[in-house]
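Residue 1 is where the first sequence starts when you use our numbering, and the numbers rise one by one after that. Backbone N, C-alpha and C define an ideal beta-carbon position, used for all residues, glycine too.
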Amino acid sequence: MQTPIPQLTRDSTINLVLDTLAKKKQALVFVNSKRSAEKQAEDLSKKTKLESHELKVLAEQLQSVLDKPTHQCERLALCVKQGVAFHHAGLASKQKEIIEEQFRKGTIKVICCTPTLAYGLDLPAFRSIIRDVKRYGHRGMDFIPVLDYLQMAGRAGRPKFDAWGEAILLADTEPEADDLLERYIQGEPEEIFSKLAVEPVLRTYILSLIAARFVRTRSEIMEFFGRTFWAHQFEDVDKLAAIIDKMLRLLQEWEFVQKAEGEFAPASEVSDPPYRATFLGQRVAELYLDPLTAHQLRKAMTRGAEEKVTGIFPWLHILSRTLEMRPLSGVRQKEYELVSQKLALAESTLLEREPSSFDPEYDSYLEAVKLAMILEEWCEERDEEFILETYNIRPGELRTKLSRLDWLLYACHELAHILQFNDLLKEIRKARIRAKYGVKEELLSLIRLEGIGRMRARILWRNSIKDLGDVKNVEQKRLADLLGAKLASSLKKQVGEDVQGDGKLDQYALPAEKAGKNNE
DNA sequence: GGACGGTGAAACTTCAGGTTGCCTC
DNA sequence: GAAGTTTCACCGTCC
1 MQTPIPQLTR
11 DSTINLVLDT
21 LAKKKQALVF
31 VNSKRSAEKQ
41 AEDLSKKTKL
51 ESHELKVLAE
61 QLQSVLDKPT
71 HQCERLALCV
81 KQGVAFHHAG
91 LASKQKEIIE
101 EQFRKGTIKV
111 ICCTPTLAYG
121 LDLPAFRSII
131 RDVKRYGHRG
141 MDFIPVLDYL
151 QMAGRAGRPK
161 FDAWGEAILL
171 ADTEPEADDL
181 LERYIQGEPE
191 EIFSKLAVEP
201 VLRTYILSLI
211 AARFVRTRSE
221 IMEFFGRTFW
231 AHQFEDVDKL
241 AAIIDKMLRL
251 LQEWEFVQKA
261 EGEFAPASEV
271 SDPPYRATFL
281 GQRVAELYLD
291 PLTAHQLRKA
301 MTRGAEEKVT
311 GIFPWLHILS
321 RTLEMRPLSG
331 VRQKEYELVS
341 QKLALAESTL
351 LEREPSSFDP
361 EYDSYLEAVK
371 LAMILEEWCE
381 ERDEEFILET
391 YNIRPGELRT
401 KLSRLDWLLY
411 ACHELAHILQ
421 FNDLLKEIRK
431 ARIRAKYGVK
441 EELLSLIRLE
451 GIGRMRARIL
461 WRNSIKDLGD
471 VKNVEQKRLA
481 DLLGAKLASS
491 LKKQVGEDVQ
501 GDGKLDQYAL
511 PAEKAGKNNE
């Protein structure tokens, strides 16, 4: 390094950032956990002395993106007032958006982040400071791959503004510095391995290839995969064939794929009969659902219909058990009691039996109970702060899970339709709306109105306006007192038109206008 | 003497990320 | 495995 960095504090990350600011430049600081990102941002914000009116306004904007700010929002606002932000998957997406935009504009000078910002996002800075090179993995702390380092280092230097950029790796000691130099700067990036070999991916691909009639026979399937990067790496053709055969067997067993045999198959194809997707398999492929998930859901629905399961929790649990919901957040020590209690209470209604506590699956089963609890809390109108405090699930993480839940519920609905579980259809639709808006069942009617979310629906309900009829009958002035004149007039218009239409609304249809309403 | 507050060592807890599907009368 | 947080013992100060 040409000029030494002034050692203004004992924290070398802070020193580097302060030096960057003195140069009128921006910095990204990469750390290995969400908690660290927040802490580092907070420590930095105490030193930057950047407060301005612009930042104050920005901080207020960031703090109020949710119905009710969580302490995460407040913490972010405090940092941003000093020109520093933290950025990780736990932020509300609106907050991430604003931070990225304001960093590009130069209002925010420093972002402390987890590797989120290294991938996909085009957010360069003069300095890319890589504080942590170790990350928690399967075997405790491990060095991050060279590829990850390169991604982070690659954020340094803004092509339009800077002639160069600086990527800085932090080491505490000389030997460590030597090690990092060798490992990352002189080191070769890891080889890239095909992800196709992962069973869920393979299952999904084979089914969609057959459903799209891109391939028909086993030999065509083999030929297709033989040309992939995966096969190129795999080399062992026999083993490859064995894996594909196993997948084909499963897809048949689950009735997503059929072998055309006997009279349907031309003589030439007797030894290599064509496969075709069943109607069900076709739909599973269209939904991009992992066939295993579709199979799990089918089993669960069969059971749910037989046992006349009621309530939303068993469904939330079975959906939390799918691969699509992974990774699950672990059950923390202090949550263990709470989750176990819930499991004991709900066990008899759950659609998948509790494994023995010695079973390796037990942990993930319990984690699914935890996720189902969180989703249920949301559907019971608990706010983000409660969920963050109780389960350590941040708003951004909650949103991700909710959006997957919505997709899975939709998929469930489609499967139930095809498999003629007609009694379930209405329940699934209700669950989908409840999850989407985070409301109890009693608000389903009000939530349909444009301009009405969970907060306003609850206000109406508390004031004895409990369904569309009530909205129609109540005086407009009263509505205006509760929700403002503009919305009151809109509501009156909505119920007026609707009620005139056919006299009764389909209570569980999703209002089209509200589809894009959530401020994600 | 006791309440309070500051300090630091020890014990304890937790740990990155994200794409698919519908639909707008 | 290590950072960050919580707990707790210890000590000094003030009333």
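Should residue i be labelled buried (16 or more other beta-carbon atoms within 10 Å of its own) or exposed?
i	result
ALA27	buried
GLN72	buried
PHE279	exposed
MET455	exposed
GLY330	exposed
CYS124	A quick correction: the sequence has Pro, not Cys, at residue 124. When all chains shown are included, PRO124 counts as buried.
TYR362	exposed
GLY311	exposed
VAL284	buried
GLY165	buried
HIS232	exposed
TYR391	buried
TYR184	buried
Anyone know if the C-beta pair for residue i and residue j falls short of 8 Å?
i	j	result
ALA435	LEU350	no
LEU297	LEU415	yes
SER12	LEU170	yes
ASN66	LEU76	The question names Asn, yet the displayed sequence has Leu at residue 66. No, the pair does not count as a contact, with Cβ atoms beyond the cut-off.
PRO291	PHE256	yes
PRO531	ARG216	Because the chain here runs from 1 to 520, residue 531 falls outside it and cannot be looked at.
LEU289	LEU405	no
ARG321	ALA368	yes
SER128	ALA156	yes
ARG458	GLU380	no
THR573	LEU338	No statement about residue 573 is possible, as the shown extent of the chain runs from 1 to 520 and does not include it.
GLN494	LEU460	no
VAL31	THR114	yes
Just grab the DSSP bridge partners of residue i for me.
i	result
SER128	LEU28, ALA167
GLN258	ARG276
GLY140	GLY137
THR543	Absent from the structure is residue 543, since the part of the chain shown begins at 1 and ends at 520.
ALA156	ALA125
Between which two residues does the beta strand (DSSP E) containing residue i stretch?
i	result
ILE98	Unbroken run through ILE98 is the alpha helix (DSSP H), 93-105; no beta strand (DSSP E).
VAL339	No beta strand (DSSP E) holds VAL339; the alpha helix (DSSP H) holding it covers 333-346.
HIS87	84-87
VAL110	110-113
Once DSSP output is grouped into helix, strand and coil, what is the label at residue i?
i	result
HIS53	helix
THR48	helix
ALA41	helix
ALA488	helix
ALA300	helix
ALA212	coil
VAL471	helix
GLU389	helix
SER36	helix
GLN7	coil
GLU381	coil
SER464	coil
VAL80	helix
ASP162	coil
TYR523	Here the chain comprises residues numbered 1 to 520, so residue 523 is not present and cannot be evaluated.
THR293	helix
Could you check where the alpha helix (DSSP H) with residue i kicks off and where it finishes?
i	result
SER12	12-22
VAL146	146-153
TYR184	Counting along the chain, TYR184 falls outside any alpha helix (DSSP H), and DSSP gives it neither H nor E.
GLY396	395-418
ILE243	237-253
ALA431	422-437
ASP481	476-483
ILE318	313-320
ALA231	229-234
With a threshold of 7 Å, establish whether the CB of residue i neighbours any heavy atom of the ligand PLP.
i	result
VAL369	Annotation note on the ligand PLP: not contained in the displayed structure, which lists no ligands.
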